[in-house]
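The block underneath contains the structure these notes are about, expressed in structure tokens.
There are 2 protein chains.
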Amino acid sequence: MKTINIGIIGYGVVGAGVATLLTQKKELLEARTGAILNLKTIADIDITTDRGVELGNTALVNDALDVINDPDIDIVVELVGGDTIAKQFTLKALEKGKHVVTANKALLAGHGNELVKTARKNQVDLAFEASCGGCMPIIKSLRESLVANNILSMSAILNGTCNYILTKISQDGSLFEEALKDAQKLGFAEAEPSLDVDGHDTAHKLAILNSLAHGMEINLKDIHVEGIRNITPVDIEFAKSFGYTIKLLAIGKVHEDHVEARVHPTMISNANPLSHVDHSMNAIAIDADATGKTMLYGHGAGMMPTASAVLSDIADIARNIIFNTARRVPILGYPEDNIKKIPILPMDELYTRYYLRFEAQDHPGVLSQISGILGENNISIKSVHQKGRQSNGKVPVVMITHLAKEEWVQKALTKISATDSVVGDPIVIRIEEDA
Amino acid sequence: MKTINIGIIGYGVVGAGVATLLTQKKELLEARTGAILNLKTIADIDITTDRGVELGNTALVNDALDVINDPDIDIVVELVGGDTIAKQFTLKALEKGKHVVTANKALLAGHGNELVKTARKNQVDLAFEASCGGCMPIIKSLRESLVANNILSMSAILNGTCNYILTKISQDGSLFEEALKDAQKLGFAEAEPSLDVDGHDTAHKLAILNSLAHGMEINLKDIHVEGIRNITPVDIEFAKSFGYTIKLLAIGKVHEDHVEARVHPTMISNANPLSHVDHSMNAIAIDADATGKTMLYGHGAGMMPTASAVLSDIADIARNIIFNTARRVPILGYPEDNIKKIPILPMDELYTRYYLRFEAQDHPGVLSQISGILGENNISIKSVHQKGRQSNGKVPVVMITHLAKEEWVQKALTKISATDSVVGDPIVIRIEEDA
């Protein structure tokens, strides 16, 4: 039986998960792949902390170059995270002719095109199932299963921290800060939560998925990103009263000559299967021209779900090594020469429906002034909802618009904010029809 | 660019879908696979009906042997259906060294082991993504993505006809016969519906999925199968009042030295994501030791969703042909020598919870007699629910049991049916905890 040597760089939670699967599932993996997947070396700056894994003959080293420069190692698993030193390691490994498996979405979203080029030059594989949606096979689905489909749209819940917090606000009426603290206590949120709650992690994943779905270069910088810090129980209660749920969605849609790519809190109908995806679970809904609507659902993060996705990549590459067919499926789903630059629609040009909430003064003429400004900006109002006066004497006024252009909405809101009729910034939540 | 020649046998709905994708998506498929997927020949006994597909140079022939014996054809797509003539065609094609793609679950469930052996002998691929769950990539997920997982359990809605009918009964309070007629009118059910509504189609799919999940030989005959003909609005209303939904589930679970494999109407909690899968949609929930709970959701049948799955197999095999790596992934997920015979638990030995509904006489002592017989048979009752007297003077009595053995339950029910306390056969619906 052929032996495939594997080196891991980064022995944190996911690294320990991958090491656990490679050691505990040795027999299963051999039975399935017909190869011995041998964990030869693990590199980490901390090699003293006990990760609770029975490593056997695996070497634990401090220097990542001991993995990258080892001529016996076939597959390098990059689990360092971030996009600085991880980028150096990954580039070096590819240049040394190693196949690389990574779970690093920040790295791919920021530098994926360069990595793909380097992998091509060195005729090696670069695999990243674990980078988006944890254990859900979204990368394989887009690259292989949906091969005969044009992907029309994707809507996805890709960040467990945000989904946990939104579920908590929705179920307990907690404020954002309370729900965040709770998530941190339970290990669903980092001490520095901004990468998650401000939507950046979701945007990293959307940049990768959009590339695979549409055969386009990875483009992070043009994705519009908003997080969930402004979501309040008040808005969630209003949403409920309309039969809606608020989720942080990654939205990717294709048009004639451009795509949409945006991350923001979104109201979706309770008939949309994504509305039932709660707590830290993730899901990806895809509408494709042959399959129609499909959805994947599962753990988007965590030690073993992520490790399971890394192992599916390792097994794929092991089969490629056995059969001498590196790069059998192109890294981004299309051969590199067929990958296009497709522009992302500037946010100002988006047409969608809006939920707008104002803290209005409780005196006559306010409603007419707000709706007047909206009307002047071509924004047509579908319904108006008003709740009793709050303790501060202000009245929450909610308006649901028909399809309107983002540019018009932003212009109107700036003008409304400048009047005496409202206090504070209006809350804007975009509505997706049947995403 | 390499040309891969494809022949289709069976030009019905799915055949026309596959032909549509191969012709309309020619450029997309070339861009993705780097090969020309050329539909050389279509064979069907009816070649006069216009299927609405622009076929170009494709030959339409009457004789399947014109496909099977054509030395230029690389991939044969079997879309005849059934397990008699389709079996002959498939065996002959494999023996001629053709790779075969099929959507035929009845064929695989009944004769899969023989087909796998024949494919092995001739060193060709046999692919069947479209056989289970339509466009959902369940076969690829089990064979490739979940490679490092032990599958603990699967629960799946695999028949759109049954799910449509159950949704209809649940939403409109229709009787089974009315809902079936409605499904037939809308094209969701066949004129001869028994393959679907009696659970056999679901059992075919479960036989295939269990094999892939557990590395076992395909075994249809030991799967316990019940359909949905006995499901009434009364039971669905009771289920709702407990926070449950009734679905026809395929259930596969693994134990130390055997597996469970059963198809029957099942009560599941509304917290279970499967409970929200309505109308003709399908879904497969998998609990695996590394990933935890995941779910795939999508169209389980229909022209284009099924054709999309067939195309994913064709593309996979095309890549194998280009790289000369036929059988890169073993047909059943494990190399044939590693596939075991694993026994299926006899239904009598199943332990689960039960919903039992009796049509009881409205006189004293009835409840005590029923619960007495259950008690004598070790069946402990969790709760009793009684509704007002019906027009026939009978009272529906529902009992929910704690975990009980199927054998005890059947014995007790036989005894209860023989008393004067109840009329007709009791209704038995098994309850799955958090499937």
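The listed protein sequences correspond, in order, to chains A and B. Using the numbering used here, the first residue of the first sequence is number 1, and each one after it goes up by one. Using the numbering used here, the first residue of the second sequence is number 1001, and each one after it goes up by one. Yeah, the Cβ is synthetic: ideal placement off N, Cα and C, and Gly gets one too.
What three-state label does DSSP hand residue i in the structure shown?
i, result
"histidine 258 of chain A", "coil"
"valine 1116 of chain B", "helix"
"phenylalanine 89 of chain A", "helix"
"arginine 1357 of chain B", "strand"
"alanine 1019 of chain B", "helix"
"aspartate 1182 of chain B", "helix"
"serine 391 of chain A", "coil"
"alanine 1435 of chain B", "Only weak support is given to the placement of alanine 1435 of chain B: the predicted model assigns it a pLDDT of 46, under 50, and the question is left unresolved by the model."
"valine 1061 of chain B", "strand"
"threonine 1245 of chain B", "strand"
"serine 421 of chain A", "coil"
"valine 1234 of chain B", "helix"
"isoleucine 9 of chain A", "strand"
"glutamate 1078 of chain B", "strand"
"histidine 1204 of chain B", "helix"
"valine 225 of chain A", "strand"
"isoleucine 42 of chain A", "strand"
"histidine 276 of chain A", "helix"
"alanine 1309 of chain B", "helix"
"isoleucine 416 of chain A", "helix"
"alanine 1031 of chain B", "helix"
Whose Cβ in chain B lies nearer than 9 Å to the Cβ of residue i?
i, result
"arginine 328 of chain A", "Arg1319, Asn1320, Ile1322, Phe1323, Thr1325, Arg1328"
For residue i versus residue j, is the C-beta spacing smaller than 8 Å?
i, j, result
"glycine 1215 of chain B", "alanine 315 of chain A", "no"
"glycine 81 of chain A", "alanine 309 of chain A", "no"
"alanine 93 of chain A", "leucine 107 of chain A", "no"
"alanine 239 of chain A", "threonine 245 of chain A", "yes"
"alanine 148 of chain A", "leucine 1028 of chain B", "yes"
"lysine 1405 of chain B", "glutamate 1349 of chain B", "yes"
"valine 312 of chain A", "glutamine 369 of chain A", "The amino acid occupying residue 312 of chain A in the given sequence is serine; valine does not appear at that position. For serine 312 of chain A and glutamine 369 of chain A, no; Cβs fall outside 8 Å."
"leucine 142 of chain A", "leucine 249 of chain A", "no"
"serine 153 of chain A", "glycine 300 of chain A", "no"
"methionine 295 of chain A", "isoleucine 431 of chain A", "no"
"glycine 7 of chain A", "valine 67 of chain A", "yes"
"leucine 1345 of chain B", "valine 1259 of chain B", "yes"
"isoleucine 1284 of chain B", "methionine 1399 of chain B", "no"
Candidates the options: which alpha carbon is nearest residue i's?
i, options, result
"arginine 327 of chain A", "A:Thr232, A:Gln88, A:Lys117, A:Ala412", "A:Lys117"
"glutamine 1410 of chain B", "B:Pro1396, B:Val1384, B:Asp1425", "B:Asp1425"
"valine 225 of chain A", "A:Pro330, A:Asp198, A:Glu129, A:Arg430", "A:Asp198"
"leucine 1091 of chain B", "B:Asp1072, B:Asp1063, B:Arg1120", "B:Arg1120"
"glutamate 1407 of chain B", "B:Ile1379, B:Ser1383, B:Gln1390, B:Thr1419", "B:Ile1379"
"aspartate 1083 of chain B", "B:Arg1143, B:Leu1296, B:Glu1095, B:Gly1110", "B:Gly1110"
"isoleucine 1060 of chain B", "B:Gly1010, B:Asn1104, B:Gly1333", "The sequence given here has leucine at residue 1060 of chain B, not isoleucine. Closest option to leucine 1060 of chain B, Cα to Cα, is B:Gly1010."
"alanine 1271 of chain B", "A:Asn270, A:Ala271, A:Asp287, A:Asp278", "A:Asp278"
Residues of chain B with a CB under 8 Å from the CB of residue i: which are they?
i, result
"lysine 40 of chain A", "Those do not exist, as lysine 40 of chain A stays about 18 Å from chain B at its closest Cβ, beyond 8 Å."
"aspartate 316 of chain A", "Glu1144"
"leucine 311 of chain A", "Val1147, Ala1148, Ala1290"
"methionine 267 of chain A", "Residues of chain B passing the Cβ test: none, with the nearest at roughly 18 Å."
"methionine 216 of chain A", "The premise fails here: methionine 216 of chain A is roughly 12 Å from chain B at the closest Cβ pair, so nothing lies under 8 Å."
Who are residue i's beta bridge partners in DSSP?
i, result
"tyrosine 351 of chain A", "A:Lys405"
"valine 384 of chain A", "A:Met399"
"arginine 430 of chain A", "A:Thr266, A:Tyr354"
"methionine 216 of chain A", "A:Lys340"
"methionine 154 of chain A", "A:Gly252, A:Ile286"
"tyrosine 297 of chain A", "A:Ala283, B:Met1295"
"isoleucine 1004 of chain B", "B:Leu1037"
By the criterion of Cβ-Cβ separation under 7 Å, what are the contact partners of residue i in chain B?
i, result
"glycine 34 of chain A", "Pro1335"
"lysine 205 of chain A", "The premise fails here: lysine 205 of chain A is roughly 17 Å from chain B at the closest Cβ pair, so nothing lies under 7 Å."
"lysine 25 of chain A", "Ala1148"
"asparagine 338 of chain A", "Ala1031"
"leucine 212 of chain A", "Correct list: empty, because the minimum Cβ distance to chain B is about 11 Å."
Using a Cβ cut-off of 8 Å, pull out every chain A residue sitting near residue i, in sequence order please.
i, result
"threonine 1294 of chain B", "Cys135, Met136, Leu296, Tyr297, Gly298, His299"
Taking Cβ-Cβ distances shorter than 8 Å, what residues in chain E pair up with residue i?
i, result
"leucine 1029 of chain B", "Looking for chain E here will not work: the only protein chains present are A and B."
If the cut is a Cβ gap below 9 Å, which residues of chain A does residue i touch?
i, result
"methionine 1001 of chain B", "Residues of chain A passing the Cβ test: none, with the nearest at roughly 11 Å."
"asparagine 1113 of chain B", "Simply none; closest approach about 18 Å."
"alanine 1307 of chain B", "Ala148, Ala290"
Taking Cβ-Cβ distances shorter than 7 Å, what residues in chain A pair up with residue i?
i, result
"histidine 1276 of chain B", "Pro273, His276"
"lysine 1140 of chain B", "Lys140, Glu144, Ser145"
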